[in-house]
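Everything on this sheet refers to the single structure shown next.
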Amino acid sequence: MDENGPVTESRSVRTWLTDMDGVLVREEDPIPGAKEFIAALREHDVPFLVLTNNSIFTPRDLRVRLLRSSGIDVPEESIWTSALATAQFLDDQRPGGSAYVVGESGLTAAVHDIGYVMTDRDPDYVVLGETRTYSFEAITRAIRLIAGGARFIATNPDPSGPSAQGMLPATGSVAALISTATGRQPYYIGKPNPLMMRSALNRLEAHSETTVMIGDRMDTDIISGLEAGMRTILVATGATERHQVEDFPYRPTRVVESIADVVPFVSRMSMPEDA
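Each position in the sequence shown, counted from 1, maps to that position plus 96 in the numbering used here.
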């Protein structure tokens, strides 16, 4: 397949999913074309979700941060985080359960909203997410609860994340610490688990065959979109550079320089199949 080939042959694109960091923004700076892409989706009334593995912020927080720092206007209901996907998974698996949560408001609010009790006394789950300041006391408590039989869930496997000051340890690194201590591996909900993609599709009541996933990482965004049955677009503004695509045993449907190159597709490919 030509990496610069068409996104679709005859099928329309009725739904779009896109990663946030590396596609729409770089840290808090907008990537050229991001505002226009979101505006085009909204103008054509095309259902979409902006996905992020970051579990720190609620969708409301992220909407305000994107608008104030980057000028990108994404509705709150169009943001899907690993925290929301994790909460949905817990609710599907064990409704009305309990959890010891290590994380910030994005995760605690999501777990609270599904009716879970958050406790450090014999919880059904230990749920690990990102936080700006990991507490040794909280990690120690999580280790003891998992050793005592609590099921271990983590929002995402990302080992590190960016900040204005440099690299920060993320959920995957702390999960590795807990796993080393307990001998128990977590079940990761966020990308590259296609479960996060499936939950996003379900939220939009969309079908994978008429949805495109846009991402900047071959090993998370593209593989999870592929495994969920979607067409995929890799943008070369983030983690995976164009020349690195050949290093992977799978390929995106298309490779573009940036999200700006996707804007023309929105109107062209959002038409009904019989139009």
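By construction, the Cβ of each residue, glycine as well, lies at the ideal position given by its N, Cα and C atoms.
Environment of residue i [buried if 16+ CB atoms lie within 10 Å]
i                 : result
arginine 313      : buried
methionine 116    : buried
phenylalanine 133 : buried
glycine 245       : exposed
glutamate 226     : buried
alanine 371       : Note that alanine 371 scores 40 on pLDDT, short of 50, meaning its location in the model is unreliable; the coordinates nonetheless yield the value given after this. Flag for alanine 371 reads exposed.
proline 171       : exposed
methionine 263    : exposed
glutamate 200     : buried
proline 113       : As written in the sequence, residue 113 is leucine, which differs from the proline given in the question. It is buried - the Cβ of leucine 113 has at least 16 other Cβ atoms within 10 Å.
arginine 107      : exposed
Inter-residue Cα distance where the pair is residue i and residue j
i                 : j              : result
asparagine 298    : arginine 327   : 17 Å
arginine 373      : leucine 241    : Look at the range of the chain in this structure, 97 to 371, and you will see that residue 373 is not part of it.
valine 121        : serine 166     : 7 Å
alanine 302       : glutamate 233  : 42 Å
phenylalanine 185 : valine 223     : 11 Å
alanine 272       : proline 360    : 42 Å
valine 346        : serine 304     : According to the sequence provided, residue 346 is tyrosine. The question's valine does not apply to it. Taking the straight line joining both Cα atoms gives about 18 Å.
proline 219       : histidine 208  : 14 Å
alanine 356       : threonine 333  : 11 Å
aspartate 291     : isoleucine 285 : The amino acid at residue 291 is misidentified as aspartate; the sequence shows leucine. If you take the alpha carbons of leucine 291 and isoleucine 285, they lie about 7 Å apart.
proline 155       : threonine 251  : 15 Å
glutamate 323     : glycine 192    : 30 Å
Sheet register partners of residue i (DSSP bridge)
i              : result
isoleucine 249 : Val223, Tyr283
glycine 257    : Leu264
isoleucine 329 : Ile310, Arg350
arginine 122   : Asp125
threonine 398  : With the chain covering 97 to 371 only, the question about residue 398 has no answer from this structure.
Original post:
Could you give the uninterrupted runs of the beta strand (DSSP E) lying entirely in the region 202-232, keeping only those of 3 residues or more?
Top reply: 221-224
**OP:** Could you tell me which uninterrupted beta strand (DSSP E) segments, each at least 3 residues in length, are contained entirely in the region 297-326, listed from first to last along the chain?
**Re:** 307-311
Original post:
Below 8 Å, can you find three or more Cβ-Cβ pairs linking the region 146-162 to the region 116-133?
Top reply: yes
Subject >> alpha helix (DSSP H) runs wholly inside the region 130-199, at least 4 long, in chain order >> reply: 130-139, 155-166, 178-189
**OP:** Say whether the region 136-144 touches the region 175-189, bearing in mind that this needs 3 or more beta-carbon pairs closer than 8 Å, one atom from each stretch.
**Re:** no
**OP:** Spell out a yes or no on whether the region 155-166 and the region 182-196 are touching, meaning 3 or more CB-CB pairs, one atom from each, closer than 8 Å.
**Re:** no
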